[in-house]
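Peer 1: Below is the structure I would like to discuss, written out as structure tokens.
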Amino acid sequence: MGDQKRFGPPRVADERTTLTGFLQRQRDTLAMACTGLTAEQLKERALRPSGLSLLGLVRHMADVERTWFRNVLNGENSSAHWPRSEGGAFDVDTADPAEAFEIWHEECARSRAIVDAAESLDVTGRYRDDVFSLRYVLTHMIEEYARHNGHADLLREHTDGNTEHRKDR
């Protein structure tokens, strides 16, 4: 929630480095959208009737990281950080922003470690009867963050008018 920098992915690199670079850029973009806001601002549902808030997006993405990397690719059976009922990660009225950001950063670090340990992008994981390659998961995560970063842009601009986090996209 403090100063946040965003670096571009390498322009010439192998496939894994390119995909992980783009994913990290999307993670950094979400962090930048939240930089400098108070707990109340992070919890603000600026686009009613939607329950979306910046803090809800951070909590949601922590669980998305956990699900795809730990559960699907790594075969773990880790539980959601927040209850799935009644808004789940998006129910932020009593949420602790520091805890949410800590969990999100921890999940991102675990995800990076799983990717780094994988022999190739062809490594697969399962969810029920479906099989997913690491290549698919990385691409899906880039798409997931990009979609929610569009939401974050609107939420941040509505909250305080700030659009600085959009620069150098």
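If you're matching positions, the sequence shown starts at -2 in my numbering and goes up one per residue. Quick reminder that beta carbons are idealized off the backbone N, C-alpha and C, glycines included. These figures come from a predicted structure and were not determined experimentally.
Quick one: what's Phe129 bridged to in DSSP?
Peer 2: Counting from 1 along the sequence shown, the entry for residue 129 is found at position 132. In the DSSP output, where bridge partners are listed per residue, Phe129 has Gly122.
Peer 1: Does the distance from the CB of Val89 to the CB of Gly147 come in under 7 Å?
Peer 2: The sequence position of residue 89 within the sequence shown is 92, counting from 1. The sequence position of residue 147 within the sequence shown is 150, counting from 1. No, the Cβ-Cβ distance between Val89 and Gly147 is not below 7 Å.
Peer 1: Tell me whether Pro80 sits in a helix, a strand or coil according to DSSP, three-state version.
Peer 2: The residue given as residue 80 occupies position 83 in the sequence shown. Three-state DSSP puts Pro80 in coil, outside helix and strand.
Peer 1: If I follow the unbroken alpha helix (DSSP H) through Pro94, where does it start and stop?
Peer 2: Counting from 1 along the sequence shown, the entry for residue 94 is found at position 97. 94 to 114 is the span of the alpha helix (DSSP H), which, as asked, contains Pro94.
Peer 1: Is the beta carbon of Thr136 closer than 7 Å to that of Ser201?
Peer 2: With the chain running from -2 to 166 in the structure shown, residue 201 is simply not present.
Peer 1: Where are the alpha helix (DSSP H) runs, 4 residues long or more, that stay fully inside the segment -1 to 51, in chain order?
Peer 2: 12 to 31, 36 to 40
Peer 1: Please tell me whether Val61 and Glu141 are closer than 7 Å, where the distance is taken between their beta carbons.
Peer 2: The residue labelled residue 61 in the question sits at position 64 within the sequence shown. The residue labelled residue 141 in the question sits at position 144 within the sequence shown. Going by C-beta atoms, Val61 is nearer than 7 Å to Glu141.
Peer 1: Rounded to whole angstroms, what is the Cα-Cα separation between Leu44 and Glu37?
Peer 2: Locating residue 44 in the sequence shown gives position 47, where the first residue counts as 1. Locating residue 37 in the sequence shown gives position 40, where the first residue counts as 1. Using only the alpha carbons, I get a separation of about 15 Å.
Peer 1: Report the CB separation of Phe66 from Ile111 in whole angstroms; it is logged as a contact under 8 Å.
Peer 2: Taking the sequence shown and counting its residues from 1, the one referred to as residue 66 is at position 69. Taking the sequence shown and counting its residues from 1, the one referred to as residue 111 is at position 114. Contact between Phe66 and Ile111 holds, with the beta-carbon distance rounding to 5 Å and staying under 8 Å.
Peer 1: For the candidate residues Arg109, Leu51, Leu16, whose alpha-carbon lies nearest to that of Phe98?
Peer 2: In the sequence shown, residue 98 corresponds to position 101, counting from 1. Out of Arg109, Leu51, Leu16, Leu51 has the C-alpha closest to the C-alpha of Phe98.
Peer 1: Taking all protein chains shown into account, do 16 or more other C-beta atoms lie within 10 angstroms of the C-beta of Ser108, making it buried, or fewer, making it exposed?
Peer 2: Your numbering for residue 108 matches position 111 in the sequence shown. It is buried - the Cβ of Ser108 has at least 16 other Cβ atoms within 10 Å.
Peer 1: Comparing C-alpha positions only, which one of Pro6, Gly33, Asp11, Ala30 sits nearest to Leu20?
Peer 2: As a position in the sequence shown, residue 20 is number 23, starting the count at 1. Taking only the C-alpha atoms, the option nearest Leu20 is Pro6.
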